[in-house]
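*Asks:* Take this structure, written in structure tokens, and hold onto it; I'll ask about it next.
2 protein chains.
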Amino acid sequence: MDEAETDGADEDGHERGTSLWERLRLPGGEPVDLARHDAAATPGGPDGKAAGKAATARIGEQLAGLQERLWAASTAGDRRRVLLVLQGMDTSGKGGTVKHVIGLLNPAGCRITAFRAPTAEERAHPFLWRVEKALPLPGELGIFDRSHYEDVLIARVRNLAPRAVIESRYERINRFERSLADDGVTLVKCFLHISYDEQRRRLLRRLDKPEKRWKFAPSDIDDRALWPAYQDAYERALERCGTSYAPWYLVPADHKWYRNWAVSTLLLEHLRELDPRYPEADFDVAECRKRLLRQS
Amino acid sequence: MDEAETDGADEDGHERGTSLWERLRLPGGEPVDLARHDAAATPGGPDGKAAGKAATARIGEQLAGLQERLWAASTAGDRRRVLLVLQGMDTSGKGGTVKHVIGLLNPAGCRITAFRAPTAEERAHPFLWRVEKALPLPGELGIFDRSHYEDVLIARVRNLAPRAVIESRYERINRFERSLADDGVTLVKCFLHISYDEQRRRLLRRLDKPEKRWKFAPSDIDDRALWPAYQDAYERALERCGTSYAPWYLVPADHKWYRNWAVSTLLLEHLRELDPRYPEADFDVAECRKRLLRQS
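Sequence lines, in order, name chains A and B. Here the first sequence stands for residues 1 to 296, numbered as in the UniProt record's numbering. Here the second sequence stands for residues 1 to 296, numbered as in the UniProt record's numbering.
Here it is, written out as structure tokens:
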């Protein structure tokens with residue numbers, strides 16, 4: 001991270017002196033009031049949509065380079081990997097982030113899982129079981145579109161488990177994430193924060209465009225009645241599972257271009273911090289060269 | 001497919017009148033002589049590297065659109081999906097194809113599996129077991145970087161199973177692929193054909209560039225001594241497993257730009273043939289619109 005205290009912004013619209021992860025990181029352990037966070041804000045971001053898209057494309061090239069180094073390092077025993085967790089209300093842009101940000105990377109190194117309503121088999125296991133099966137391997141970037149947090153979000157709002165069970169899950173999640181961090185997993189947990197009005201606009205757009213209607217279900221309207229309960233459940237999760245080893249980032253997501261820029265920047269900052277290196281050759285390069293040239 | 005018998009090429013360098021799948025498709029059931037196929041050829045392709053890259057980028061946009069339709073259709077019960085099988089000698093560009101062609105698509109809809117030497121658990125199961133677990137779900141594009149064909153390629157060359165067992169696998173593969181086709185899987189099997197000399201050039205490049213050395217192993221040189229045995233094993237697989245429901249395409253791959261253009265074009269032709277459609281709304285759009293606007 002560039003720690004220089006200079007003013008101004010670099011070419012990717014990133015103000016010098018403050019990393020985005022410092023700006024967007026929630027402190028954890030403290031009450032969160034989502035109503036006080038402007039979902040249309042663009043903290044630290046480029047100046048508008050066009051600049052944001054251009055900056056994200058440039059960041060994508062840097063991400064792809066670091067991703068290859070991370071993978072290369074894993075072939076020499078480096079166990080480190082990254083897990084991007086995307087959470088947010090319906091239409092907040094989890095799928096769009098995968099398409100536009102993860103789409104900039106080499107898909108071979110990305111392990112993407114969209115968690116939907118658990119199957120009967122998944123429900124028969126502890127709630128972290130299906131999550132453990134989807135973890136990235138060393139060198140990979142894992143992406144969770146929804147995650148184990150659903151078990152303290154929809155599960156809480158819809159009373160899918162006894163309250164005491166749900167209460168116990170925050171600490172179980174923290175222990176789980178701690179063990180991941182200890183095993184070389186860098187967690188980047190992003191809450192995509194949209195406003196109630198922006199969700200309405202996005203749902204209307206899905207209705208109005210025939211090629212978007214398949215994304216819509218009438219139950220999406222009913223779910224909006226639960227908006228306050230969901231915001232409350234998110235506030236608890238962000239407070240209780242924001243830790244030093246796996247903090248939450250609050251990404252204002254009313255502007256899609258900002259959301260994409262912010263998530264790609266958070267990934268970039270974390271990958272730069274990891275600073276993965278191409279491994280040195282463990283063989284005699286000159287000798288191999290000679291052998292190759294000797295072959296008829 | 002455009003069946004017009006006109007001359008000339010369209011803007012993607014694709015000569016009108018002949019689809020690429022007709023050009024590159026091996027007949028199947030007939031002996032294949034790989035030495036008679038020029039690995040540096042560019043049949044039906046754009047005029048050179050710059051034009052090829054530009055054409056591939058344009059094809060990528062069309063692919064992404066069709067991919068979304070395929071996914072959307074699956075949400076309404078359409079079980080169809082596509083499985084791209086990439087086979088070829090070391091350095092033939094299987095990984096590069098994933099990076100440059102599959103990288104043009106939405107990664108959320110791609111299920112990519114790189115098959116390496118089987119684990120002890122995989123060896124304890126029938127050889128198709130690990131392949132079945134990696135199949136694409138309805139609406140997805142599956143990508144195999146190596147595949148069940150390794151069990152009649154390296155297994156044959158290195159005598160990893162009794163000859164009679166290997167002989168039985170061709171027909172087992174055909175039955176397996178037939179059942180996939182019956183279940184809505186469109187198989188696009190690409191043999192990336194490179195020359196012995198081009199492989200040497202690529203191995204030398206891996207040696208000469210420090211950031212590429214991690215891709216190299218001295219055993220790659222030893223493997224080149226088995227080149228004729230591998231070519232023979234490929235010829236048998238291409239002959240015996242080239243079927244009407246799952247033909248093999250021979251993609252000349254000495255030119256990376258042509259390989260990327262050809263694989264993306266083959267995918268495009270198959271997806272166009274599938275012609276997936278966005279599903280119609282199964283709810284009252286106007287009523288939903290009113291309800292959304294009524295919400296405070």
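Just so it is clear, CB atoms sit at the ideal spot from N, CA and C, and this is done for glycine as well.
Report the rounded CA-to-CA distance for B:M89 versus A:D275, giving the unit in angstroms.
*Replies:* Here residue 89 of chain B is taken as the residue at index 89 of the second sequence, counted from 1. Here residue 275 of chain A is taken as the residue at index 275 of the first sequence, counted from 1. Their backbone Cα atoms lie some 32 Å apart in a straight line.
*Asks:* As a quick exercise: from B:K290, B:Y245, B:E167, B:K99, pick the residue whose alpha carbon is nearest that of B:G184.
*Replies:* For the purposes of this step, residue 184 of chain B is taken as the residue at position 184 of the second sequence. With distances taken between Cα atoms, B:G184 lies closest to B:Y245.
*Asks:* For B:I221, would you say it is in contact with chain A, using Cβ-to-Cβ distances shorter than 8 Å as the test?
*Replies:* In the second sequence, counting from the first residue as 1, residue 221 of chain B sits at position 221. By this cut-off, B:I221 is an interface position.
*Asks:* Closer than 7 Å between beta carbons: that is the criterion. Which residues of the region 261-292 of chain A meet it against chain B?
*Replies:* So the close ones are Y278, P279, A281, F283, V285, C288, R289, R291, L292.
*Asks:* So the beta strand (DSSP E) B:Q295 belongs to, where does it begin and stop?
*Replies:* Within the second sequence, residue 295 of chain B is the residue found at index 295, counting from 1. Neither: B:Q295 is in no beta strand (DSSP E) and is coded neither H nor E.
*Asks:* Measuring only between beta-carbons, confirm whether B:N174 sits less than 8 Å from chain A.
*Replies:* The sequence position of residue 174 of chain B within the second sequence is 174, counting from 1. Closer than 8 Å: no.
*Asks:* What are the residues that DSSP puts in a beta bridge with B:W248?
*Replies:* Within the second sequence, numbered from 1, the residue matching residue 248 of chain B stands at position 248. Looking at the DSSP assignment, B:W248 forms a beta bridge with B:K189.
*Asks:* Is it true that the region 39-49 of chain A meets the region 247-265 of chain A, where meeting means three or more beta-carbon pairs spaced less than 8 Å apart?
*Replies:* Yes: at least three Cβ pairs fall under 8 Å.
*Asks:* In whole angstroms, give me the CA-to-CA distance for B:L180 and B:L137.
*Replies:* As a working mapping, residue 180 of chain B is identified with position 180 in the second sequence. As a working mapping, residue 137 of chain B is identified with position 137 in the second sequence. Answer to the nearest angstrom: the Cα atoms are 11 Å apart.
*Asks:* Whose Cβ in chain E lies nearer than 9 Å to the Cβ of A:W129?
*Replies:* Here the protein chains are A and B, and chain E is not one of them.
*Asks:* Nearest by alpha-carbon distance to B:K189: which of B:L271, B:P279, B:G242, B:A120 is it?
*Replies:* Along the second sequence, read from residue 1 onward, the residue named residue 189 of chain B stands at position 189. Ranking B:L271, B:P279, B:G242, B:A120 by Cα distance to B:K189 puts B:G242 first.
*Asks:* Going straight from the alpha carbon of A:T6 to that of B:A72, what length do you get?
*Replies:* Working through the first sequence from its first residue, we reach residue 6 of chain A at position 6. Working through the second sequence from its first residue, we reach residue 72 of chain B at position 72. For A:T6, the predicted model reports a pLDDT of 38, less than 50, meaning its position is unreliable; a value from the coordinates is still stated below. C-alpha separation (whole angstroms): 48 Å.
*Asks:* Just list the residues that DSSP pairs A:C288 with in beta bridges.
*Replies:* Counting from one through the first sequence, the residue named residue 288 of chain A turns up at place 288. BP columns for A:C288 are empty, so no partner.
*Asks:* What first and last residue would you give for the beta strand (DSSP E) that runs through B:L160?
*Replies:* Taking the second sequence and counting its residues from 1, the one referred to as residue 160 of chain B is at position 160. Per DSSP, B:L160 belongs to no beta strand (DSSP E) and is neither H nor E.
*Asks:* Give every residue of the same chain whose Cβ lies closer than 7 Å to the Cβ of A:I166, excluding the five residues on either side of it in the sequence, and list them in chain order.
*Replies:* Start at 1 with the first residue of the first sequence, and residue 166 of chain A comes out as number 166. Closer than 7 Å at the Cβ level, and outside the excluded window around A:I166, lie V152, A155, R156.
*Asks:* Does the Cβ-Cβ distance between A:L271 and A:L63 come in under 8 Å?
*Replies:* Counting from one through the first sequence, the residue named residue 271 of chain A turns up at place 271. Counting from one through the first sequence, the residue named residue 63 of chain A turns up at place 63. For A:L271 and A:L63, yes; Cβs fall inside 8 Å.
*Asks:* Return yes when the Cβ of B:I143 is within less than 8 Å of the Cβ of B:I173, no when it is not.
*Replies:* Indexing the second sequence from 1 puts residue 173 of chain B at position 173. Indexing the second sequence from 1 puts residue 143 of chain B at position 143. Against a cut-off of 8 Å, the Cβ pair of B:I143 and B:I173 comes out as no contact.
*Asks:* Rounded C-beta distance between B:I112 and A:P107? I'm assuming under 8 Å.
*Replies:* Taking the second sequence and counting its residues from 1, one reaches residue 112 of chain B at position 112. Taking the first sequence and counting its residues from 1, one reaches residue 107 of chain A at position 107. Yes, B:I112 and A:P107 are in contact; Cβ-Cβ is about 6 Å, under 8 Å.
*Asks:* Can you list, in chain order, the residues of its chain whose CB lies under 6 Å from that of A:R206, leaving out five sequence neighbours each side?
*Replies:* Taking the first residue of the first sequence as 1, we reach residue 206 of chain A at position 206. Contacts found: K212, K215, F216.
*Asks:* In terms of residues, what are the limits of the beta strand (DSSP E) holding B:A233?
*Replies:* Looking up residue 233 of chain B in the second sequence gives position 233. Here B:A233 belongs to no beta strand (DSSP E); instead the alpha helix (DSSP H) covers 227-240.
*Asks:* A:Q295 CB to nearest chain B CB: under 8 Å?
*Replies:* Taking the first sequence and counting its residues from 1, the one referred to as residue 295 of chain A is at position 295. Chain B contact via Cβ: present.
*Asks:* Under the three-state reduction of DSSP, which class applies to A:R277: helix, strand or coil?
*Replies:* Position 277 of the first sequence holds residue 277 of chain A. The answer is coil: DSSP assigns A:R277 none of H, G, I, E or B.
*Asks:* Helix, strand or coil, according to DSSP, for A:A40 in the structure here?
*Replies:* One-based indexing of the first sequence puts residue 40 of chain A at position 40. Looking at A:A40 - three-state DSSP - the assignment turns out to be coil, as it is neither helix nor strand.
*Asks:* Taking Cβ-Cβ distances shorter than 7 Å, what residues in chain B pair up with A:I59?
*Replies:* Along the first sequence, one-based indexing puts residue 59 of chain A at 59. Result: empty, since nearest Cβ-Cβ is about 16 Å, beyond 7 Å.
*Asks:* Determine the direct distance from the alpha carbon of A:L203 to that of A:K209, and round the result to whole angstroms.
*Replies:* Mapped onto the first sequence, residue 209 of chain A falls at position 209. Mapped onto the first sequence, residue 203 of chain A falls at position 203. Looking at the two C-alpha atoms, the distance is approximately 10 Å.
*Asks:* Is there a Cβ of chain B sitting closer than 8 Å to that of A:T56, yes or no?
*Replies:* As a first step, residue 56 of chain A must be located in the first sequence, where it is residue number 56. Cβ-Cβ to chain B under 8 Å: no for A:T56.
*Asks:* Can you find a C-beta in chain B that's less than 8 Å from the C-beta of A:C241?
*Replies:* Taking the first residue of the first sequence as position 1, residue 241 of chain A is located at position 241. Taking Cβ atoms only, chain B never reaches closer than 8 Å to A:C241, which makes this a no.
*Asks:* So, at 7 Å on beta carbons, what are the nonlocal neighbours of B:G93 in its own chain, with the 5 sequence-adjacent residues on each side left out?
*Replies:* The residue labelled residue 93 of chain B in the question sits at position 93 within the second sequence. For B:G93, where only same-chain residues beyond five positions count, the Cβ hits under 7 Å are L192, A253, K256, R259.
*Asks:* Could you tell me how far apart the beta carbons of A:L70 and A:C110 are, in whole angstroms, since I believe they sit closer than 8 Å?
*Replies:* Walking along the first sequence from the start, residue 70 of chain A turns up at place 70. Walking along the first sequence from the start, residue 110 of chain A turns up at place 110. Actually they do not touch by this definition, with Cβ atoms about 11 Å apart.
*Asks:* Below 8 Å on the Cβ atoms is my guess for A:I221 versus B:C288; work out the distance and round it to an integer in Å.
*Replies:* Looking up residue 221 of chain A in the first sequence gives position 221. Looking up residue 288 of chain B in the second sequence gives position 288. Rounded, the Cβ-Cβ distance is 6 Å, consistent with contact.
*Asks:* Residues of chain A with a CB under 7 Å from the CB of B:T75: which are they?
*Replies:* Counting from 1 along the second sequence, the entry for residue 75 of chain B is found at position 75. Simply W214.
*Asks:* Would you list, in sequence order, the uninterrupted alpha helix (DSSP H) runs of no fewer than 4 residues that lie entirely inside the region 81-114 of chain A?
*Replies:* DSSP runs (the alpha helix (DSSP H)) wholly in the region 81-114 of chain A: 94-100.
*Asks:* Determine whether the beta carbon atoms of A:L26 and A:L250 lie at a separation below 8 Å.
*Replies:* Within the first sequence, residue 26 of chain A is the residue found at index 26, counting from 1. Within the first sequence, residue 250 of chain A is the residue found at index 250, counting from 1. Yes, these two residues count as a Cβ contact at 8 Å.
*Asks:* For B:F127, collect the residues of the same chain with a Cβ closer than 6 Å to its Cβ; drop the 5 residues on either side in sequence, then sort them by chain order.
*Replies:* Working through the second sequence from its first residue, we reach residue 127 of chain B at position 127. Excluding residues within five positions, the ones whose Cβ falls inside 6 Å are D151.
*Asks:* Tell me whether A:A39 counts as near the ligand PLP, meaning its Cβ is closer than 7 Å to at least one heavy atom of that ligand.
*Replies:* Absence of the ligand PLP from the depicted structure is noted, as is the absence of any ligand whatsoever, leaving it without description.
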